[in-house]
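**Student:** Take a look at this one; I'll ask things after.
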Amino acid sequence: MLHRTIHLFRKELRLHDNPVLLAALESSEALYPVYILDRAFLTSSMHIGALRWNFLLQSLEDLHKNLDKLGSCLLVIQGEYELVLRDHIQKWNITQVTLDAEMEPFYKEMEANIQRLGAELGFEVLSLVSHSLYNTQRILDLNGGSPPLTYKRFLHILSLLGDPEVPVRNLTAEDFQRCRAPDPGLAECYRVPLPVDLKISPESLSPWRGGETEGLQRLEQHLTDQGWVTSFTKPRTIPNSLLPSTTGLSPYFSMGCLSVRTFFYRLSNIYAQ
Numbered sequence: 001m002l003h004r005t006i007h008l009f010r011k012e013l014r015l016h017d018n019p020v021l022l023a024a025l026e027s028s029e030a031l032y033p034v035y036i037l038d039r040a041f042l043t044s045s046m047h048i049g050a051l052r053w054n055f056l057l058q059s060l061e062d063l064h065k066n067l068d069k070l071g072s073c074l075l076v077i078q079g080e081y082e083l084v085l086r087d088h089i090q091k092w093n094i095t096q097v098t099l100d101a102e103m104e105p106f107y108k109e110m111e112a113n114i115q116r117l118g119a120e121l122g123f124e125v126l127s128l129v130s131h132s133l134y135n136t137q138r139i140l141d142l143n144g145g146s147p148p149l150t151y152k153r154f155l156h157i158l159s160l161l162g163d164p165e166v167p168v169r170n171l172t173a174e175d176f177q178r179c180r181a182p183d184p185g186l187a188e189c190y191r192v193p194l195p196v197d198l199k200i201s202p203e204s205l206s207p208w209r210g211g212e213t214e215g216l217q218r219l220e221q222h223l224t225d226q227g228w229v230t231s232f233t234k235p236r237t238i239p240n241s242l243l244p245s246t247t248g249l250s251p252y253f254s255m256g257c258l259s260v261r262t263f264f265y266r267l268s269n270i271y272a273q
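Counted from 1, the sequence shown has number 74 at position 74 by our numbering; the numbering is strictly sequential.
In structure tokens, the structure reads:
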């Protein structure tokens with residue numbers, strides 16, 4: 001049976017190497033790509049300030065544009081997580097919720113609440129790991145249920161796990177054509193808010209523009225200079241330089257605009273040459 005699915009974007013704000021979104025597309029007849037903008041949660045639990053708010057909103061707008069190119073859209077719904085889900089699952093006759101698996105305690109609690117809600121309302125929940133190179137639960141399991149406390153032990157555990165999973169294929173318009181997209185009116189009703197809508201100062205803009213598109217461009221820019229890549233040494237960086245002597249990709253990994261697995265295998269290919 002094909003599902004009517006809400007795909008919840010949390011920290012995987014991208015279309016490349018997004019295994020759970022791919023799984024959602026392959027198992028659904030209708031797909032609603034949703035980001036729940038829970039301001040209380042993001043401010044209190046995530047401690048997001050003005051700079052990160054602007055980066056997040058730019059990332060959501062970029063994600064919406066990329067989805068639009070493939071025939072879909074991003075629905076940004078403001079409100080408390082459980083209330084938003086409860087309302088729209090019933091309104092849209094949802095039978096499946098898909099989301100990226102995360103490791104932070106507040107995100108794990110959120111996923112547990114979604115599982116509980118699924119048992120109550122009768123929808124399935126699918127979550128897959130793609131925000132980290134390895135499934136952190138596997139690392140804990142192989143170390144007797146506790147985190148490895150030394151780097152040597154950590155490397156030993158990774159040697160048991162083997163290489164990270166390779167990135168999944170890029171999504172195409174054909175993938176989205178197999179599913180019914182949200183009605184055009186929903187995209188306007190649940191558009192990405194502007195900073196002024198959330199009373200966030202537009203002056204608090206970072207030189208790092210948010211979004212998958214910008215992140216991929218920065219990645220390509222750095223990896224084309226293979227000499228810089230192979231000679232990079234962290235202690236030789238300049239912390240007070242006007243321009244970063246590191247990659248400057250951290251915010252894109254943090255928000256999931258860039259896949260760490262894509263980065264890992266691109267680097268591995270360069271070092272192998």
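Where a beta carbon is used, it is the ideal one built from N, C-alpha and C, also for glycine.
If I measure Cβ to Cβ from E80 and keep anything under 8 Å in the same chain, skipping five residues before and after, which residues do I get?
**Tutor:** Position 80 of the sequence shown holds residue 80. If we look at E80 and ignore the five residues flanking it on each side, its Cβ neighbours are D38, A40 and F41.
**Student:** For F106, count neighbouring C-beta atoms within 10 Å of its own C-beta (all shown protein chains included) and say buried if the count is 16 or more, exposed if not.
**Tutor:** In the sequence shown, residue 106 corresponds to position 106, counting from 1. Classification of F106: exposed, given that the 10 Å Cβ count is below 16.
**Student:** Tell me whether L242 sits in a helix, a strand or coil according to DSSP, three-state version.
**Tutor:** As a working note, residue 242 is residue 242 in the sequence shown. Confidence at L242 is low in this model, with a pLDDT of 47, below 50, so its placement is unreliable and the value that follows should be read with caution. L242 falls in the coil class under three-state DSSP.
**Student:** Below 7 Å CB to CB, which residues in the same chain sit around H64 once its five sequence neighbours on both sides are set aside?
**Tutor:** Within the sequence shown, residue 64 is the residue found at index 64, counting from 1. Closer than 7 Å at the Cβ level, and outside the excluded window around H64, lie C73, L74 and V192.
**Student:** What number of angstroms, rounded off, separates the C-alpha of L267 from the C-alpha of T224?
**Tutor:** Along the sequence shown, read from residue 1 onward, the residue named residue 267 stands at position 267. Along the sequence shown, read from residue 1 onward, the residue named residue 224 stands at position 224. The straight-line gap from Cα to Cα measures roughly 11 Å.
**Student:** Can you tell me the Cβ-Cβ gap for Y5 and Y32, rounded? I've got them flagged as a contact below 8 Å.
**Tutor:** In the sequence shown, counting from the first residue as 1, residue 5 sits at position 5. In the sequence shown, counting from the first residue as 1, residue 32 sits at position 32. Looking at the sequence provided, one finds Thr at residue 5 rather than Tyr. Confirmed, about 7 Å.
**Student:** Is the number of C-beta pairs between the stretch 160-175 and the stretch 130-141 that are closer than 8 Å three or more?
**Tutor:** Yes, the stretch 160-175 is in contact with the stretch 130-141.
**Student:** In angstroms, rounded to a whole number, what distance separates the CA positions of G256 and D87?
**Tutor:** Within the sequence shown, residue 256 is the residue found at index 256, counting from 1. Within the sequence shown, residue 87 is the residue found at index 87, counting from 1. When rounded, the distance between both Cα atoms is 27 Å.
**Student:** Of all the options A24, N54, I48 and E212, which has the alpha carbon lying nearest to the alpha carbon of T275?
**Tutor:** As shown, the chain starts at 1 and ends at 273. That puts residue 275 outside it, with no answer to give.
**Student:** Output the boundary residues of the alpha helix (DSSP H) element that contains V20.
**Tutor:** Against the sequence shown, residue 20 aligns to sequence position 20. V20 -> alpha helix (DSSP H) spans P19 to E26.
**Student:** Could you name each continuous alpha helix (DSSP H) segment of 4 residues or more that falls completely within the stretch 100-185, going from the start of the chain to the end?
**Tutor:** Listed in chain order, they are 105-121, 136-142, 151-161 and 173-177.
**Student:** Work out the CA separation of R209 and S201 for me, nearest whole Å.
**Tutor:** Against the sequence shown, residue 201 aligns to sequence position 201. Against the sequence shown, residue 209 aligns to sequence position 209. Cα-Cα distance, rounded: 15 Å.
**Student:** List the DSSP bridge partners of Q96.
**Tutor:** As a working note, residue 96 is residue 96 in the sequence shown. Partner(s): T5 and E124.
**Student:** Quick check: the Cα distance between S254 and V97, rounded to an integer number of angstroms?
**Tutor:** Stepping through the sequence shown from its first residue, residue 254 is reached at position 254. Stepping through the sequence shown from its first residue, residue 97 is reached at position 97. Taking the straight line joining both Cα atoms gives about 23 Å.
**Student:** Are the Cβ atoms of E26 and D175 separated by less than 9 Å?
**Tutor:** Here residue 26 is taken as the residue at index 26 of the sequence shown, counted from 1. Here residue 175 is taken as the residue at index 175 of the sequence shown, counted from 1. Taking 9 Å as the Cβ cut-off, E26 and D175 qualify as a contacting pair.
**Student:** Distance check for F264 and G215, CA to CA, integer angstroms please.
**Tutor:** The residue labelled residue 215 in the question sits at position 215 within the sequence shown. The residue labelled residue 264 in the question sits at position 264 within the sequence shown. Spanning the two alpha carbons is a distance of roughly 15 Å.
**Student:** Look at the alpha carbon of S241 and the alpha carbon of L56, and state the distance between them as a whole number of angstroms.
**Tutor:** The count along the sequence shown starts at 1 and reaches residue 241 at position 241. The count along the sequence shown starts at 1 and reaches residue 56 at position 56. Note that S241 scores a pLDDT of 49, beneath 50, so its modelled location is shaky; the value from the coordinates is reported in the next line. S241 and L56: Cα-Cα distance of roughly 25 Å.
**Student:** Excluding the 5 residues flanking E82 on each side, which residues of the same chain have their C-beta closer than 7 Å to its C-beta?
**Tutor:** Taking the sequence shown and counting its residues from 1, the one referred to as residue 82 is at position 82. Around E82: N113 and L117.
**Student:** With a 10 Å radius around its C-beta and 16 neighbouring C-beta atoms as the bar for buried, classify Q58 as buried or exposed.
**Tutor:** Here residue 58 refers to the residue found at position 58 when the sequence shown is read from its first residue. Buried: at least 16 other Cβ atoms inside 10 Å.
**Student:** Put L75 into one of helix, strand or coil per three-state DSSP.
**Tutor:** Mapped onto the sequence shown, residue 75 falls at position 75. L75: strand per DSSP, three-state reduction.
**Student:** Could you check which residue in L99, G122, E120 and L121 has the C-alpha nearest to that of E111?
**Tutor:** Position 111 of the sequence shown, counting from 1, holds the residue named residue 111. If we check each option's Cα against that of E111, L99 comes out closest.
**Student:** Kindly give me the distance between the Cβ atoms of N93 and T213, rounded to whole angstroms, as I take these residues to be in contact under 8 Å.
**Tutor:** Reading the sequence shown from its first residue, position 93 is the one you call residue 93. Reading the sequence shown from its first residue, position 213 is the one you call residue 213. In fact, because the Cβ distance is near 33 Å, the residues do not count as touching under 8 Å.
**Student:** Kindly indicate the opening and closing residues of the alpha helix (DSSP H) around G215.
**Tutor:** Along the sequence shown, read from residue 1 onward, the residue named residue 215 stands at position 215. First-last of the alpha helix (DSSP H) with G215: E212 to L223.
**Student:** For my contact list, R14 and L258 are in at a C-beta cut-off of 8 Å; report their separation, rounded to the angstrom.
**Tutor:** Numbered from 1 along the sequence shown, position 14 holds the residue referred to as residue 14. Numbered from 1 along the sequence shown, position 258 holds the residue referred to as residue 258. Their Cβ separation, rounded to whole angstroms, is 7 Å, which keeps R14 and L258 in contact under 8 Å.
**Student:** Could you give the residue range of the alpha helix (DSSP H) that holds R266?
**Tutor:** To locate residue 266, count along the sequence shown from 1; it is residue 266. Looking at the DSSP string, the run of the alpha helix (DSSP H) that includes R266 is V260 to A272.
**Student:** Please name the residue or residues paired with D30 in a DSSP beta bridge.
**Tutor:** Numbered from its first residue, the sequence shown carries residue 30 at position 30. Checking the sequence shown, residue 30 turns out to be Ala, not Asp. A30 is bridged to R4 and R180.
**Student:** Among the candidates G211, A30 and A101, whose CA atom is the shortest distance from the CA of R10?
**Tutor:** By one-based count along the sequence shown, residue 10 stands at place 10. Residue A101 is the option with its Cα nearest to R10.
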